[in-house]
Amino acid sequence: MNTDNTPQARRNVVRLTAGAAEVDVEPENGCRLSGLRVGGTELLRQGAKYGCFPMVPWCGRIDHGEFRNGAELHRMPVNAPPHALHGTGRDLRWRTARRDARAAVFTYDLADPAAPWPYPGTVTQVVELAEDGRSLTLTLGVEAAADSFPAQAGWHPWFVRQLDGGGAPVELSFDAAWQEERGDDHLPTGRRIDPLPGPWDDCFGMPEGVEATVTWPGRLELTVASRAEWVVVYDEQEAAVCVEPQSGPPNGLNSLPRLVTPIDPLEVSTTFSWRTLG
Numbered sequence: 007m008n009t010d011n012t013p014q015a016r017r018n019v020v021r022l023t024a025g026a027a028e029v030d031v032e033p034e035n036g037c038r039l040s041g042l043r044v045g046g047t048e049l050l051r052q053g054a055k056y057g058c059f060p061m062v063p064w065c066g067r068i069d070h071g072e073f074r075n076g077a078e079l080h081r082m083p084v085n086a087p088p089h090a091l092h093g094t095g096r097d098l099r100w101r102t103a104r105r106d107a108r109a110a111v112f113t114y115d116l117a118d119p120a121a122p123w124p125y126p127g128t129v130t131q132v133v134e135l136a137e138d139g140r141s142l143t144l145t146l147g148v149e150a151a152a153d154s155f156p157a158q159a160g161w162h163p164w165f166v167r168q169l170d171g172g173g174a175p176v177e178l179s180f181d182a183a184w185q186e187e188r189g190d191d192h193l194p195t196g197r198r199i200d201p202l203p204g205p206w207d208d209c210f211g212m213p214e215g216v217e218a219t220v221t222w223p224g225r226l227e228l229t230v231a232s233r234a235e236w237v238v239v240y241d242e243q244e245a246a247v248c249v250e251p252q253s254g255p256p257n258g259l260n261s262l263p264r265l266v267t268p269i270d271p272l273e274v275s276t277t278f279s280w281r282t283l284g
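Right, dumping it as structure tokens:
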């Protein structure tokens with residue numbers, strides 16, 4: 007059996023390049039970024055469940071996997087008991103719609119039989135490196151084909167704590183307007199509080215747009231920026247830290263529904279930009 011786990015050995019990897027940057031996308035593995043390298047240095051935690059995956063058509067947890075659309079009650083698979091976690095898109099095979107050297111477009115059908123989502127529509131992810139290779143922009147779009155429905159979209163990047171397995175651990179900086187108080191069930195209680203010190207598995211509000219800095223001292227500084235107003239920060243694991251821009255808070259299908267209609271799709275983007283230090 008071939009145990010090689012290099013990008014070249016994986017099936018159907020779309021590799022994009024610009025300047026000193028390389029991005030690997032695996033459309034058959036939830037359209038996740040399995041690699042983001044700058045000058046040959048990998049920034050993302052490796053492994054089939056890690057990298058950077060899109061969260062769609064919801065982000066974070068849905069309370070007991072249930073949400074309402076008007077009078078209709080829907081139940082999603084409970085994959086993180088007692089809740090449904092991170093959407094269905096990360097578990098599906100996406101189609102590569104088009105690509106060139108530094109950009110690619112991927113789609114999947116919301117009515118895919120493998121995705122238990124009750125409404126037809128289309129999800130699109132655009133992955134694009136800047137021409138100078140100093141930034142990466144990700145864009146998610148959710149379109150309704152018929153009935154309107156609530157949806158969310160965002161990303162879950164796993165940034166390694168130490169580059170090349172050594173050196174100073176990563177530092178994280180952000181300035182949030184508030185923190186969503188988290189209940190014992192890991193869902194927001196609906197109460198906004200002043201941001202607390204970490205470690206975190208928490209959602210923060212940034213009404214002027216998400217901006218956070220991930221720094222590997224002496225090596226690299228990466229900025230996560232988005233016009234989205236919500237970010238989840240997760241740094242409770244030793245191997246990586248996660249900075250997750252998203253269009254709404256956890257359980258937002260219930261607490262803050264954003265309806266997608268045939269004439270009003272949901273679109274959200276985030277940009278990772280970086281500079282070398284030292």
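For the sequence shown, the numbering used here gives the first residue as 7, with consecutive numbering after it. Virtual Cβ for every residue (Gly too), placed ideally from N, Cα, C. Quick caveat: nothing in here was measured; it's all calculated off a predicted structure.
For G53, the number of other beta carbons within 10 angstroms of its own is below 16, and it is reported as exposed.
Excluding sequence positions up to five before and after R104, its CB lies within less than 8 Å of the CB of A110 and V111, all in the same chain and listed in chain order. When DSSP assignments are scanned along the segment 117-158, the uninterrupted stretches of beta strand (DSSP E) that are 3 or more residues long and fall wholly within it turn out to be 127-135 and 141-150.
Taken in chain order, the whole alpha helix (DSSP H) runs of length 4 or more contained in the segment 214-275 are 258-261. Under DSSP, E32 shares a beta bridge with R38. Contact between W236 and G211 holds: CB atoms are separated by about 6 Å, below the 8 Å threshold. Boundaries of the beta strand (DSSP E) harbouring M61: C58 to M61, taken from the DSSP string. Here R99 carries a coil assignment [DSSP, helix/strand/coil]. Contact annotation: the segment 158-173 does not touch the segment 69-83, with fewer than three C-beta pairs closer than 8 Å. Counting along the chain, P88 sits inside no beta strand (DSSP E), nor does DSSP assign it H or E at all. Distance between G189 and W222, taken at the CA atoms: about 32 Å. Contact between the segment 134-143 and the segment 250-267 is absent: fewer than three C-beta pairs spanning the two stretches fall below 8 Å. For D208 and R167, the gap between their C-alpha atoms comes out near 18 Å.
Between E32 and N18, the beta carbon gap of about 7 Å places them in contact (Cβ cut-off 8 Å).
Counting the other CB atoms within 10 Å of its CB gives S179 a total below 16, which places it among the exposed residues. For D138, same chain residues with a beta-carbon under 8 Å away, outside a window of 5 residues either side, are A24 and G25 in chain order. Ranked by how close their Cα comes to the Cα of A86, the residues G95, G71, G254 and R99 have G71 in first place. Linking L98 to G36 through their CA atoms gives a straight-line distance of about 5 Å.
Here the C-alpha atom of E227 lies approximately 16 Å from the C-alpha atom of T276. Nearest to G93 by C-alpha distance, out of R101, R108, A107 and D69, is D69.
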